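Residue numbers (this note's numbering): 2 to 248.
Glycine residues also receive a C-beta, built at the ideal position from the N, C-alpha and C atoms.
In this text, all values refer to a predicted model and were calculated from it rather than measured experimentally.
A quick write-up on the structure given underneath.
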Ligand SMILES: NC(=O)c1ccc[n+]([C@@H]2O[C@H](COP(=O)([O-])OP(=O)(O)OC[C@H]3O[C@@H](n4cnc5c(N)ncnc54)[C@H](OP(=O)(O)O)[C@@H]3O)[C@@H](O)[C@H]2O)c1
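Here is the structure:
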């Protein structure tokens with residue numbers, strides 16, 4: 002691609018919550034945004050909202066629960082753009098009640114498997130499938146929506162602010178995602194692609210719940226910063242806004 006071509010960003014789970022806000026802010030920077038959503042109606046509705054405020058946006062079907070989804074996304078992006086500059090792996094699920102809970106003694110296999118499916122296995126599969134398109138970008142950026150709850154350092158620290166929120170499936174899926182960030186950044190260290198983990202904050206969304214202190218309108222900051230890093234920016238790192246987090 003030429004440096005003058007409009008950048009293309011795919012945001013999975015971009016139809017609502019943090020993903021939608023991220024798409025909006027990337028779009029406002031002149032980046033073409035592709036909303037990856039499992040529900041066509043919701044995806045197209047999000048695209049219509051973005052277009053109504055002057056953003057170039059498209060929909061692509063993406064369902065983290067479908068093994069064939071990554072190849073279909075690749076085929077769609079390949080034929081429409083032939084490139085991908087930014088991948089925001091934002092789609093995620095939380096099936097546990099986190100606050101004040103430690104469910105290590107009781108969490109069931111279905112919760113563990115479905116959470117890992119969406120938050121980890123699907124992210125690895127989609128990212129691997131999209132790498133050839135990202136490698137065509139002069140400055141590929143991959144943002145993995147982790148969480149501070151994936152920090153093993155903070156979970157093991159006495160009196161840590163996240164000590165009480167011990168939902169094993171969600172937290173372990175985000176720790177695994179962090180490991181993917183580290184390993185993928187290492188594998189791509191001699192390339193133009195940067196890979197980082199983001200903690201957006203505790204955000205008032207369906208996933209974050211009504212008690213979260215951060216409004217969804219502020220939730221895009223970490224993802225957008227990591228999606229638009231310049232060549233000097235970090236890779237293989239874990240951030241909340243501009244603050245590095247301990248793994
Ligand atoms: N909210 C927080 O406080 C917080 C804190 C730290 C990290 N995060 C992370 O930030 C990301 C976004 O969270 P959010 O708070 O914006 O959540 P949200 O409002 O619940 O939105 C989740 C998004 O993921 C999509 N999704 C869920 N399962 C999917 C699947 N199988 N295939 C495709 N898309 C799927 C949803 O699509 P549907 O509309 O079809 O359900 C929705 O677009 C998640 O990875 C989350 O773990 C959130």
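In three-state terms, what does DSSP make of residue i?
i: residue 143; result: strand
i: residue 59; result: strand
i: residue 120; result: helix
i: residue 25; result: helix
i: residue 10; result: strand
i: residue 68; result: coil
i: residue 211; result: coil
i: residue 88; result: strand
i: residue 36; result: strand
i: residue 133; result: helix
i: residue 2; result: With a pLDDT of only 46 at residue 2, under the threshold of 50, the placement of this residue in the model should not be trusted; the figure read from the coordinates follows. In this structure, residue 2 counts as coil in the three-state DSSP scheme.
i: residue 244; result: strand
Which residues in the same chain as residue i place their Cβ atom closer than 7 angstroms to its Cβ, once the five residues preceding and following it in sequence are excluded?
i: residue 211; result: 205
i: residue 151; result: 172, 175, 176, 178 and 179
i: residue 73; result: 62
List the endpoints of the continuous alpha helix (DSSP H) containing residue i.
i: residue 175; result: 169-188
i: residue 117; result: 110-117
i: residue 48; result: 41-53
i: residue 228; result: 222-228
i: residue 155; result: 153-157
Applying the 10 Å Cβ sphere with the 16-neighbour rule, what's the burial state of residue i?
i: residue 154; result: exposed
i: residue 86; result: buried
i: residue 3; result: Only weak support is given to the placement of residue 3: the predicted model assigns it a pLDDT of 48, under 50, and the question is left unresolved by the model.
i: residue 71; result: buried
i: residue 32; result: buried
i: residue 52; result: exposed
Would you give the residue range spanned by the beta strand (DSSP E) that residue i belongs to?
i: residue 241; result: 238-241
i: residue 199; result: 195-199
Using C-beta distances below 6 angstroms, list every residue in its chain close to residue i, excluding the 5 sequence neighbours before and after it, in chain order.
i: residue 198; result: 145, 147, 179, 182 and 239
i: residue 127; result: 71
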